[in-house]
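The numbering used here applies: residue 282 is where the sequence shown begins, and numbers increase by one.
Ideal Cβ placement from N, Cα and C applies to all residues, glycine included.
See structure below.
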Amino acid sequence: MSQDYNAESVACFDKHAQRYAEKYFELHDYDRHYQALVDRLPAKAPRLLDLACGPGNVAAFVRRCRPEADILCVDQSAAMLATARQRLPGITTHQADCRDLSALSPCFDALAFCFGLSYFNDDDARQVLAELARLLRAGGHLLLSSITGDPADSGVQLSSSGDRVHLFYRQPETIASWLAAVGFGDLELERLPSPANASQATVDVVILARRIDSP
282 MSQDYNAESV ACFDKHAQRY AEKYFELHDY DRHYQALVDR LPAKAPRLLD
332 LACGPGNVAA FVRRCRPEAD ILCVDQSAAM LATARQRLPG ITTHQADCRD
382 LSALSPCFDA LAFCFGLSYF NDDDARQVLA ELARLLRAGG HLLLSSITGD
432 PADSGVQLSS SGDRVHLFYR QPETIASWLA AVGFGDLELE RLPSPANASQ
482 ATVDVVILAR RIDSP
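The following block contains the structure:
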């Protein structure tokens, strides 16, 4: 069996976790979107899953706003999880492939999935979104962000450090249709330019959605 294409991307994040954190952890471009998710958390004992958490940007924001929240950070990169624990002492972490979250129970009030979708091909991306729908309780809220672009540009690319990553571009409407297909509604979609310090200029999409039916 050939090596999973996603393994190269994970290896790149493992290799450069600290550098990535130094570049993006203090970034505030998405704070208003994080706040929108916080505003949708239940009043008592909210449970949040920060999937493909990286150094813990979303978790850190939510913890500042709602220190009593029960937050689980999940990433496939062990080095990213170590960085998240370093920056957020006491945070709960779990190492897992986003395509298989069977070890997790469907008990979350909110879920953040920020810039992880772009590292999966279309079939795997839809599988990940189905996992998100399973884990989020009916009425719970999702914050999803992704780079967008022409699908024809998808494939192997070199990171700023010269490492190979597999990136998959798609249009915001495609992501929105996939979310609707697995039970998300009330979608709020916004396009915005990538951060000034991004490795390459792209158009990003941020989507807020609500789980409208039971898993």
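- Within the DSSP secondary-structure output, isoleucine 488 pairs in a beta bridge with Leu425, Leu470.
- Rounded to whole angstroms, the Cβ separation of alanine 391 and glycine 421 is 6 Å, and the two are in contact under 8 Å.
- For arginine 321, same chain residues with a beta-carbon under 7 Å away, outside a window of 5 residues either side, are Ala391, His422 in chain order.
- In this structure the stretch 433-446 does not lie against the stretch 347-363, because fewer than three pairs of beta carbons, one per stretch, are closer than 8 Å.
- Counted as a single uninterrupted DSSP element, the alpha helix (DSSP H) harbouring arginine 366 occupies residues 359-368.
- A distance below 6 Å between beta-carbons, with the five flanking residues on each side excluded, links asparagine 402 to the following residues of its chain, in chain order: Phe449.
- Separation of leucine 382 and glutamine 481 (C-alpha to C-alpha, rounded to the nearest whole angstrom) is 30 Å.
- Per the coordinates, the alpha-carbon of serine 458 lies some 31 Å from the alpha-carbon of alanine 326.
- Across the structure, proline 323 and leucine 425 are spaced so that their CA atoms are roughly 19 Å apart.
- Arginine 491 has its alpha-carbon roughly 6 Å from the corresponding atom of aspartate 467.
- Secondary structure of phenylalanine 449 (DSSP, three-state): coil.
- Excluding residues up to 5 positions away in sequence, Tyr305, Leu308, Asp310 lie with their Cβ nearer than 8 Å to the Cβ of proline 476 in the same chain.
- In the structure shown, histidine 314 falls within a helical segment according to DSSP collapsed to helix, strand and coil.
- In the DSSP assignment, leucine 413 falls within the alpha helix (DSSP H) that extends over 403-416.
- Residue pairing by DSSP puts glycine 436 in a beta bridge opposite Leu448.
- Residue pairing of histidine 297 in beta bridges, as defined by DSSP: absent, with no partner found.
- Separation of aspartate 312 and glutamine 438 (C-alpha to C-alpha, rounded to the nearest whole angstrom) is 28 Å.
- Counted as a single uninterrupted DSSP element, the beta strand (DSSP E) harbouring cysteine 395 occupies residues 389-395.
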